[in-house]
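The structure appears right after this line, and notes come after that.
In my numbering, the protein residues as written are 395 to 534.
Rendered as structure tokens:
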């Protein structure tokens, strides 16, 4: 940890078909406005661990509670942020989106996401690129 670094929980939710829920950030968000990101995520508050933060964010942003599996850590160092993330995987069928956080969300196959990321990398926020890479490594 360096003072000023941020801890974040990042969640990718899969449906029964193995598709991943990706979300478009609201255009009012300070970081990565209007860019595509993970299913949910956010900062670890004082007194929380990564999993507790991830569960809280999931409830706040998508209105769901589901078991989460920690699949590892990735670090984001960019002009916008310096943060330590933990990626969690869970399952979901239906979500209820908070419009202040998310302007749109939909399920896509990992194959479709991989293809779109290669064609349109700027559509996706930096943490998503790293989270998805870790997700793919974990699927092997």
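Don't be surprised by glycine CBs; every beta carbon is placed ideally from N, CA and C.
Buried or exposed for residue 396, going by 16 or more other Cβ atoms inside 10 Å? Confidence in residue 396 is poor, its pLDDT being 43 and thus under 50, which makes the residue's placement unreliable; the coordinate value appears in the next sentence. With fewer than 16 other Cβ atoms within 10 Å, it is exposed.
In angstroms, rounded to a whole number, what distance separates the CA positions of residue 441 and residue 459? 20 angstroms
Return the Cβ separation of residue 429 and residue 519 in integer angstroms, given the expectation that the two are a contact with Cβ distance under 8 angstroms. 4 angstroms
Close-in-space but distant-in-sequence residues of the same chain around residue 474 (CB under 8 angstroms, 5 per side omitted): 425, 426 and 520
Taking 8 angstroms as the cut-off, does the segment 408 to 423 touch the segment 465 to 482 (at least 3 CB pairs, one atom from each stretch)? no
If I'm right that residue 463 touches residue 483 with Cβ under 8 angstroms, what's the distance once you round it to whole angstroms? 5 angstroms
Confirm, please, whether the CB-CB distance from residue 479 to residue 345 is below 8 angstroms. Because the chain is modelled from 395 through 534, residue 345 falls outside the range shown and cannot be assessed.
When DSSP labels each residue in this structure, what does residue 486 get in the three-state scheme? coil
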